[in-house]
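As structure tokens, the structure follows; a few thoughts come after it.
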Amino acid sequence: MDISFILIALGLLIFFAHIFSAAFAKTRIPSVLLLMIIGLILGPISGLISPDSFGTAGSVFTTITLICILFQSGTTLDLKVLGKSIGPALLAAVLNFIVITGISILLGTYFLHIKLVHSCFLGAALGGTSSAVVIPMVNQLRPSEKAATILNLEAALSDIICLIIAMSLLESFGTGDVNPGEIALDIFFTMLVSYTIGGVAGYAWIIILKKWLVNIKNSMFTTFALAFIVYGLTNLIGMNGGMAILTFGLAVANFHSSPLARKSMAERASSIVLNDNDRNFYSEIVFILQTYFFVYIGISIRFNNWLHILIGAIFTALMFGTRYLTMSLMGKKGMTKRDRRLLRVLGPKGLVAAVLASLPLQWAQATHQPARMIEICQSIQNVAYAVVLFSIITCSVIIILTEKKADKEEQLQEPEGPQGPEPLPEQEVTEVQEVKAAAETYVAPETVVTGELPQSDIPSSQDSSDFIPE
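Following my numbering, the numbering of the sequence shown begins with 343 at its first residue and continues without gaps.
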């Protein structure tokens, strides 16, 4: 394809993304869905673009997008709200993971006819919510701070759980042996180390800026660049870079309120690290990257087997039905009815699920497994891709319906006028009030009379001297 057409298409996508975002206020259609539809049209429907055309650049691009989204999300978190939300977020991540794994075992056993370890792997790949999909939706829907924090943390925590358990199960594909205790220990250790790396890097970076880089110019991208380094180093030692980046952004944005910060340093760090220009710049970068990312996800969806697509649709329906029940356990304190609806709905799958689901097939082909094993791995990938697509579509459609319902409820809750006849217009009410005030001032002189009355007002039947005050 000519490079001129590629540049035109890239520019048009940004314009379309802005139009979709602006139209959300009226249509309540998330821009994520519309961008994915564009990707579906360009990819599997028309065949104009294949995910193979991107090569290694495709995986690099998705990783960069994930880093940017997680970093910006971390900078928007508040430590006080985080302390209140970490418990519900972890509970949501664990409960939904367990339920989805149960659904996977059920469908894998009776429909796909695969072994328990293979069904568990499918559940592990699909057991979390996608940070790259949830966070942009949260930013667009703007729920309360507590609900937004729960959703963002659930996505980040579930990514860790899914990655560790899925990779552990993948190692068991050949033997079929699974060690639950070892998996649980890996999850705890990975979370602890990833949190620590991100937090220490964030605080250390602020101190460096304070002491040695005070006069640095054009520093808008330096903190952003460090996020890439932190992510890469964390992954190199076998930990979770996504959680480290989320914590790094949190540490950078909240250092001024940390007990480790002296007042003078906190004020200086707050002005140095993240000012309004930096935040606006990061928002624009994330907006551009996520625009291309969702189109890329649409291009990457593949339809190879209609039975697998049907199983994916059933999986998605059961997944959202059970999420409604599990998220109802989060309680009502500090959240509106709209917040609780969004908690029940925002459970789409995305990048992590798609990547994990593709690993068994890569392993089977690389190790020259028998045809039956390759068939099993192919079915896992096909079902997972279908669930990714249907979950985003379902999530978007339910959001449209719930947001319109919320708008109607707001209209019904507006204060109504008094019962009975229709109230007078504002101008007539003002005139009535003026007449009433004039009447009250007219009555007052009847009680206390001062001055002389006009002769024309004195009745002729009485002596005029009776009306003259002493």
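Built from N, CA and C at the ideal position, the CB exists for glycine as well.
Can you tell me where the alpha helix (DSSP H) with HIS460 in it begins and where it stops? Here residue 460 corresponds to residue number 118 of the sequence shown, with the count starting at 1. Where HIS460 is concerned, the enclosing alpha helix (DSSP H) stretches over 458–468.
Minimum C-alpha distance to LEU483 - residue among GLN704, LEU688, GLN753 and ILE406: Within the sequence shown, the letter at position 141 stands for residue 483. Here the closest residue by C-alpha is LEU688.
Unbroken alpha helix (DSSP H) run spanning ILE492, endpoints: Translated into the one-based positions of the sequence shown, residue 492 becomes position 150. Start and end: 487–513.
Identify the continuous alpha helix (DSSP H) that holds TYR573 and give its terminal residues. By one-based count along the sequence shown, residue 573 stands at place 231. Note, TYR573: alpha helix (DSSP H), 564–578.
Short check: CB of GLY640 to CB of ILE379, under 8 Å? Numbered from its first residue, the sequence shown carries residue 640 at position 298. Numbered from its first residue, the sequence shown carries residue 379 at position 37. In contact: GLY640 and ILE379 (Cβ atoms closer than 8 Å).
GLN711 versus PHE515 - alpha carbon distance: Locating residue 711 in the sequence shown gives position 369, where the first residue counts as 1. Locating residue 515 in the sequence shown gives position 173, where the first residue counts as 1. Roughly 11 Å separates the two Cα atoms.
Report the start-end ranges of each alpha helix (DSSP H) in the region 358–397 that is 4 residues or longer and not cut off at the edges. 373–382
Buried or exposed for GLU513, going by 16 or more other Cβ atoms inside 10 Å? One-based indexing of the sequence shown puts residue 513 at position 171. Exposed, by the Cβ-count rule.
Which of helix, strand or coil DSSP assigns to ARG484: The residue given as residue 484 occupies position 142 in the sequence shown. In the structure shown, ARG484 sits in coil (DSSP, three-state: anything other than H, G, I, E or B).
Nearest-angstrom Cα separation, counted from VAL459 out to SER510: One-based indexing of the sequence shown puts residue 510 at position 168. One-based indexing of the sequence shown puts residue 459 at position 117. One C-alpha to the other measures close to 10 Å.
Classify VAL790 as buried or exposed, calling it buried when 16 or more other Cβ atoms lie within 10 Å of its own Cβ. Here residue 790 refers to the residue found at position 448 when the sequence shown is read from its first residue. Residue confidence is low: VAL790 scores 45 on pLDDT, short of 50, so the model does not pin down where it sits. Its coordinate-derived value is still stated next. By the 10 Å Cβ count, VAL790 comes out exposed.
Going by CA-CA distance only, name the one from ASP344, THR576, ILE587 and TYR638 that's closest to ASN494. The residue you call residue 494 lines up with position 152 of the sequence shown. Looking at the Cα atoms, ILE587 is the closest of the given residues.
Comparing C-alpha positions only, which one of ILE722, SER733, LYS747 and ILE735 sits nearest to LYS457? As a working note, residue 457 is residue 115 in the sequence shown. The candidate whose alpha carbon is nearest that of LYS457 is ILE722.
Is the region 463–472 close to the region 666–680, with three or more CB pairs under 8 Å? no
Please return the same chain residues whose Cβ sits closer than 8 Å to the Cβ of LEU384, not counting the five positions on each side in sequence. To locate residue 384, count along the sequence shown from 1; it is residue 42. So the list reads LEU390, ILE391, VAL637, GLY640 and ILE641, once near-sequence residues are dropped.
Applying the 10 Å Cβ sphere with the 16-neighbour rule, what's the burial state of LEU454? Within the sequence shown, numbered from 1, the residue matching residue 454 stands at position 112. The residue is buried, with at least 16 neighbouring Cβ atoms inside 10 Å.
What distance in whole Å lies between the Cβ atoms of ILE643 and TYR727, which are believed to be in contact at a cut-off of 8 Å? Working through the sequence shown from its first residue, we reach residue 727 at position 385. Working through the sequence shown from its first residue, we reach residue 643 at position 301. About 6 Å separates the two Cβ atoms, so the contact holds.
I'd like the span of the alpha helix (DSSP H) that includes TRP547, first residue to last. Mapped onto the sequence shown, residue 547 falls at position 205. From DSSP, the alpha helix (DSSP H) with TRP547 extends over 522–553.
Just tell me which of VAL729, ALA435 and PHE645 has its CA closest to the CA of SER388. If you number the sequence shown from 1, residue 388 lands on position 46. That would be PHE645, whose Cα lies nearest to the Cα of SER388.
Supposed contact pair GLY584 and LEU382 - C-beta distance, whole angstroms, cut 8 Å: By 1-based counting over the sequence shown, the position of residue 382 is 40. By 1-based counting over the sequence shown, the position of residue 584 is 242. Contact between LEU382 and GLY584 does not hold, since their C-beta atoms are separated by about 26 Å, which reaches or exceeds 8 Å.
Answer with buried or exposed for THR658, where buried requires no fewer than 16 other C-beta atoms within 10 angstroms of its C-beta. By one-based count along the sequence shown, residue 658 stands at place 316. The residue in question, THR658, is buried, as its Cβ has 16 or more Cβ neighbours within 10 Å.
Would you check if the distance between the CB atom of ALA508 and the CB atom of PHE463 is smaller than 8 Å? Translated into the one-based positions of the sequence shown, residue 508 becomes position 166. Translated into the one-based positions of the sequence shown, residue 463 becomes position 121. Closer than 8 Å, so yes.
Option nearest ALA474 by Cα separation, candidates GLY663, LEU449 and PHE629: Within the sequence shown, the letter at position 132 stands for residue 474. Closest by alpha carbon: PHE629.
Which same chain residues end up closer than 7 Å to ALA489 when comparing Cβ atoms and leaving out the 5 residues on each side of it in sequence? As a first step, residue 489 must be located in the sequence shown, where it is residue number 147. Around ALA489: MET677, ASP681, LEU684 and LEU685.
List the endpoints of the continuous alpha helix (DSSP H) containing SER733. For the purposes of this step, residue 733 is taken as residue 391 along the sequence shown, with counting starting at 1. Counting along the chain, the unbroken alpha helix (DSSP H) around SER733 starts and ends at 713–754.
Within its chain, find whatever has a CB closer than 6 Å to the CB of LEU698; leave out the 5 residues flanking it on each side and keep chain order. As a working note, residue 698 is residue 356 in the sequence shown. Here the set comprises ALA467 and ALA508.
Excluding the 5 residues flanking THR589 on each side, which residues of the same chain have their C-beta closer than 6 Å to its C-beta? What you label residue 589 is simply residue 247 of the sequence shown in a count that begins at 1. Cβ neighbours of THR589 beyond the five flanking positions: TYR537, GLY540 and GLY541.
Enumerate in chain order the residues of its own chain whose CB-to-CB distance from THR668 is below 8 Å, with the five nearest sequence positions on each side excluded. Stepping through the sequence shown from its first residue, residue 668 is reached at position 326. Counting only Cβ-Cβ distances below 8 Å, and skipping sequence neighbours, we find ALA434, LEU437, ASN438 and VAL441.
Straight-line Cα distance separating VAL739 from THR451: In the sequence shown, counting from the first residue as 1, residue 451 sits at position 109. In the sequence shown, counting from the first residue as 1, residue 739 sits at position 397. Between THR451 and VAL739, the C-alpha separation is close to 30 Å.
Between GLU496 and ALA543, how many whole angstroms is the CB-CB distance? I'm expecting something under 8 Å. Taking the sequence shown and counting its residues from 1, one reaches residue 496 at position 154. Taking the sequence shown and counting its residues from 1, one reaches residue 543 at position 201. So it is not a contact: roughly 23 Å between Cβ atoms.
Can you have a look at SER807 and say buried or exposed, based on whether 16 or more other CB atoms are within 10 angstroms of its CB? To locate residue 807, count along the sequence shown from 1; it is residue 465. At SER807 the pLDDT is 43, less than 50, meaning the model places this residue with poor confidence and gives no usable figure here.
Separation of THR709 from PHE366, as counted between CA atoms: Taking the sequence shown and counting its residues from 1, the one referred to as residue 366 is at position 24. Taking the sequence shown and counting its residues from 1, the one referred to as residue 709 is at position 367. Looking at the two C-alpha atoms, the distance is approximately 48 Å.
Tell me which same chain residues have a C-beta within less than 8 Å of the C-beta of THR744, skipping the five on either side of it? One-based indexing of the sequence shown puts residue 744 at position 402. Answer for THR744: ARG680, ARG683, LEU684 and VAL687, listed in chain order.
Do you know offhand how far ASN582's Cα is from LYS750's? The residue you call residue 582 lines up with position 240 of the sequence shown. The residue you call residue 750 lines up with position 408 of the sequence shown. If you take the alpha carbons of ASN582 and LYS750, they lie about 43 Å apart.
For the region 632–699, list the alpha helix (DSSP H) runs that are entirely contained and at least 4 residues long, ordered along the chain. Counting only runs that start and end inside the region 632–699, the alpha helix (DSSP H) elements of at least 4 residues fall at 648–669 and 679–687.
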